[in-house]
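Below is one structure, written out as structure tokens, with a few remarks after it.
In mature numbering (1 follows the signal peptide of the UniProt record, and there is no 0), the protein residues as written are -17 to -1, 1 to 407.
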């Protein structure tokens, strides 16, 4: 991967994927602080109604997911009309609005405003989760496409890790400082707006959609740091000729055309596996899980940070493994391993409840299985589903197919966030 391509990948993921990870993980460690704040607001309203804290907290968590669902609906529209780079730039508007609204919540004494802020950021993240992988796949080459695509989840995992550190009560996860943490998290998006100015548009979008061969050639030469790009230009011409003869891809054709439907089903199943495997439970409720295992609050916090760091390191390693082992092998190893680990975790939790003598040892066994689960998740199931759709579909089908898979993913995330608190 050339230095320029690495710079563009970093710039594209910095604001988009970081926000995805940060706002997924930030509500985990300081959850009790937020719940106390909610209760305090309700008491000051001097109302006779009882606060249903479980419902309100579910709404807080799921607002991010339903925002992602709404954003996902417009991925194809923005990708095709504005282009990949400009669309990524525009999505930061929702991030800045969401941050501003959330930071107003303490001053307005309204947890509803905080929920609205998470919804707005969710819209931006939902858009980014489709737009960024499309951009990464289209600017990369065959030999580094897996690494470039996996970079999206690498920055997501970094965002989760940073949210866990900043969420510590001793850092910024306190009643008086949590708004500062939210503001600090907006800095990568500000930096992204600046850096993307120096990044080229997707050469495929320029050549195929805009029919601008000169701009596409300049974009390619910038990304490859050379003018020796004749082979790639020939591939673009060949792809354009094939797509010109093909029918336009509509929403209905996604499901009627078997050549598009088959990879779409594969990608949707992979995304559902990503959302339903249990990783969301860990990133949203790890402190609650640790509390049920009778670990101290301090231990809960540091175990959560350890899980986040493990997720980041293994995701970093997966950038190399995905090119050597391939997508299919890596994702199969990941899901099979998580299935076995989840079974072991379940057995340890059952023994913990049934046998008092084994309680302490089973609590630590459960902890080990949680770390093994995160390692296996980060190997493939964490990264591959996000870039698999734009990689498996041709240029005409790519935006629409990505929008469908991303929307399904965020809808699943929303449903889990709404119901997960019942379990944890």
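Even glycine gets a Cβ: it sits at the ideal position worked out from N, Cα and C.
- Compare the C-alpha of residue 69 against each of 283, 367, 253 and 184 and name the closest. Numbered from 1 along the chain shown, position 86 holds the residue referred to as residue 69. The residue with the shortest Cα to Cα distance from residue 69 is 184.
- Query: Would you report the Cα separation of residue 59 and residue 124, rounded to the nearest angstrom?
  - Reply: Counting from 1 along the chain shown, the entry for residue 59 is found at position 76. Counting from 1 along the chain shown, the entry for residue 124 is found at position 141. Approximately 23 Å between the Cα atoms of the pair.
- Mind pulling the alpha helix (DSSP H) runs of 4 or more residues that sit fully within the stretch 10 to 76? 14 to 27, 36 to 56 and 58 to 64
- Query: With C-beta atoms as the reference, is residue 255 less than 9 Å away from residue 395?
  - Reply: Counting from one through the chain shown, the residue named residue 255 turns up at place 272. Counting from one through the chain shown, the residue named residue 395 turns up at place 412. Against a cut-off of 9 Å, the Cβ pair of residue 395 and residue 255 comes out as a contact.
- Item | Length at least 4, wholly inside the stretch 275 to 332: the alpha helix (DSSP H) runs in chain order | 280 to 308
- Exposed or buried, what is residue 234 when buried is set at 16 or more other beta-carbons lying within 10 Å of its beta-carbon? Taking the chain shown and counting its residues from 1, one reaches residue 234 at position 251. When all chains shown are included, residue 234 counts as exposed.
- Item | First through last residue of the alpha helix (DSSP H) which encompasses residue 217 | To locate residue 217, count along the chain shown from 1; it is residue 234. Per DSSP, residue 217 belongs to the alpha helix (DSSP H) from 213 to 228.
- Who are the near neighbours of residue 88 in its chain, counting only those whose CB is closer than 7 Å to its CB and skipping five residues on each side? As a working mapping, residue 88 is identified with position 105 in the chain shown. Contacts found: 94, 96, 97 and 100.
- Item | Which of helix, strand or coil DSSP assigns to residue 351 | Counted from its first residue, the chain shown places residue 351 at position 368. Reduced to three states, the DSSP call for residue 351 is helix.
- What's the C-alpha gap between residue 281 and residue 316? Locating residue 281 in the chain shown gives position 298, counting from the first residue. Locating residue 316 in the chain shown gives position 333, counting from the first residue. Approximately 33 Å, taken between the alpha carbons.
- Item | Spatial distance of residue 335 from residue 162 (CA atoms) | If you number the chain shown from 1, residue 335 lands on position 352. If you number the chain shown from 1, residue 162 lands on position 179. Going by the C-alpha atoms only, they are around 39 Å apart.
- DSSP state of residue 270 mapped onto helix, strand, coil: Translated into positions along the chain shown, residue 270 becomes position 287. Correct three-state label for residue 270: helix.
- Item | Same chain only: Cβ atoms within 6 Å of residue 258, ignoring 5 sequence neighbours per side | Here residue 258 corresponds to residue number 275 of the chain shown, with the count starting at 1. Once the five neighbours on either side are set aside, the close Cβ partners of residue 258 are 392, 395 and 396.
- Would you check if the distance between the CB atom of residue 111 and the CB atom of residue -1 is smaller than 9 Å? Translated into positions along the chain shown, residue 111 becomes position 128. Translated into positions along the chain shown, residue -1 becomes position 17. In this structure, residue -1 lies closer than 9 Å to residue 111 by Cβ.
- Cα separation between residue 65 and residue 153? Your numbering for residue 65 matches position 82 in the chain shown. Your numbering for residue 153 matches position 170 in the chain shown. In a straight line, the C-alpha of residue 65 is about 43 Å away from that of residue 153.
- From residue 118 to residue 22, what does the alpha carbon distance come to, in whole angstroms? Position 135 of the chain shown, counted from the first residue, corresponds to residue 118. Position 39 of the chain shown, counted from the first residue, corresponds to residue 22. Each residue's Cα considered, the two are about 43 Å apart.
- Query: Should residue 340 go down as buried or exposed, given a rule of 16 or more other Cβ atoms within 10 Å for buried?
  - Reply: In the chain shown, residue 340 corresponds to position 357, counting from 1. Its Cβ having fewer than 16 others within 10 Å, residue 340 is exposed.
- Message: Which of the three DSSP states is assigned to residue 153 in this structure?
- Response: Looking up residue 153 in the chain shown gives position 170. Reduced to three states, the DSSP call for residue 153 is coil.
- Message: Which of the three DSSP states is assigned to residue -17 in this structure?
- Response: Along the chain shown, one-based indexing puts residue -17 at 1. Coil, per DSSP.
- CB-CB length for residue 182 against residue -10, believed under 8 Å: Within the chain shown, the letter at position 199 stands for residue 182. Within the chain shown, the letter at position 8 stands for residue -10. About 5 Å; that satisfies the 8 Å criterion.
- Message: Between the stretch 323 to 330 and the stretch 271 to 286, can you find at least three pairs of beta-carbon atoms closer than 8 Å?
- Response: no
- Item | Alpha-carbon to alpha-carbon, residue 253 and residue 374 | Translated into positions along the chain shown, residue 374 becomes position 391. Translated into positions along the chain shown, residue 253 becomes position 270. Looking at the two C-alpha atoms, the distance is approximately 13 Å.
- Rounded Cβ spacing between residue 102 and residue 49 (contact assumed at less than 8 Å): Along the chain shown, read from residue 1 onward, the residue named residue 102 stands at position 119. Along the chain shown, read from residue 1 onward, the residue named residue 49 stands at position 66. Going by Cβ atoms, the distance from residue 102 to residue 49 rounds to 7 Å, so yes, they are a contact pair.
- Query: If you check the beta carbons only, do residue 262 and residue 144 fall under 9 Å apart?
  - Reply: Position 279 of the chain shown, counted from the first residue, corresponds to residue 262. Position 161 of the chain shown, counted from the first residue, corresponds to residue 144. Their beta carbons are not under 9 Å apart, which means residue 262 does not touch residue 144 by this criterion.
- Query: What residues in its chain sit with their C-beta under 8 Å from that of residue 174, if we drop five residues either side in the sequence?
  - Reply: Walking along the chain shown from the start, residue 174 turns up at place 191. If we look at residue 174 and ignore the five residues flanking it on each side, its Cβ neighbours are -4 and -3.
- Which residues in the same chain have their Cβ closer than 7 Å to the Cβ of residue 3, if we skip the five residues on either side of it in sequence? Residue mapping note: residue 3 aligns to position 20 of the chain shown, counting from 1. 108, 111, 112, 139 and 142.
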